[in-house]
Amino acid sequence: MEAEYAYVDGEVKGNSKVAVSYLKAIRELIEKLEVKELVFESDEYSAVLLSEPVIIFVRVRGDISAAKAHARRILRELGYLEKGNLEEVFELAEKIENMPIEEVVKMLRK
Numbered sequence: 742m743e744a745e746y747a748y749v750d751g752e753v754k755g756n757s758k759v760a761v762s763y764l765k766a767i768r769e770l771i772e773k774l775e776v777k778e779l780v781f782e783s784d785e786y787s788a789v790l791l792s793e794p795v796i797i798f799v800r801v802r803g804d805i806s807a808a809k810a811h812a813r814r815i816l817r818e819l820g821y822l823e824k825g826n827l828e829e830v831f832e833l834a835e836k837i838e839n840m841p842i843e844e845v846v847k848m849l850r851k
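Counted from 1, the sequence shown has number 828 at position 87 by this note's numbering; the numbering is strictly sequential.
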């Protein structure tokens, strides 16, 4: 399945009515609370909402990592992210997400 997505570029745009409706419904809350990342997973879908470099919501059939990978690809295609730009940050975030907390603490201390 191709990713369903919506993003904010002045107005909410996207390739899916569901994603656009969802983002329109929570946009004000995301901006007010300054949410950087929100993820969720159900039996059928995984989704990620990122607020940097623009607010983007992506829903896929698959796991959270797949949703994040689709988000990076879409951001690159839309011109918001260059290959080396925030790519390393996203990869590090995914790596940390899958590490035991003790390893994360050791890495942060270095």
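We put the beta carbon where it would ideally sit given N, CA and C, even for glycine.
Since residue i and residue j should fall inside the 8 Å C-beta cutoff, what is the C-beta to C-beta distance between them, to a whole number of angstroms?
{"i": "residue 811", "j": "residue 744", "result": "4 Å"}
{"i": "residue 805", "j": "residue 748", "result": "About 18 Å; that fails the 8 Å criterion."}
{"i": "residue 808", "j": "residue 787", "result": "5 Å"}
{"i": "residue 781", "j": "residue 746", "result": "Between residue 746 and residue 781 the Cβ distance is about 15 Å, and since that is not below 8 Å, they are no contact."}
Hey, how far is the Cα of residue i from the Cα of residue j?
{"i": "residue 835", "j": "residue 790", "result": "14 Å"}
{"i": "residue 818", "j": "residue 850", "result": "36 Å"}
{"i": "residue 792", "j": "residue 832", "result": "16 Å"}
{"i": "residue 802", "j": "residue 754", "result": "21 Å"}
{"i": "residue 840", "j": "residue 777", "result": "20 Å"}
{"i": "residue 823", "j": "residue 843", "result": "32 Å"}
Going by DSSP, name the residue or residues bridged to residue i.
{"i": "residue 746", "result": "799"}
{"i": "residue 845", "result": "Looking at the DSSP assignment, residue 845 forms no beta bridge with any residue, so it has no partner."}
{"i": "residue 788", "result": "781, 800"}
Which stretch, first to last residue, makes up the alpha helix (DSSP H) that contains residue i?
{"i": "residue 773", "result": "758-774"}
The beta strand (DSSP E) with residue i in it runs from where to where?
{"i": "residue 782", "result": "778-782"}
{"i": "residue 806", "result": "It is not in any beta strand (DSSP E) - residue 806 instead sits in the alpha helix (DSSP H) that spans 805-818."}
{"i": "residue 752", "result": "752-755"}
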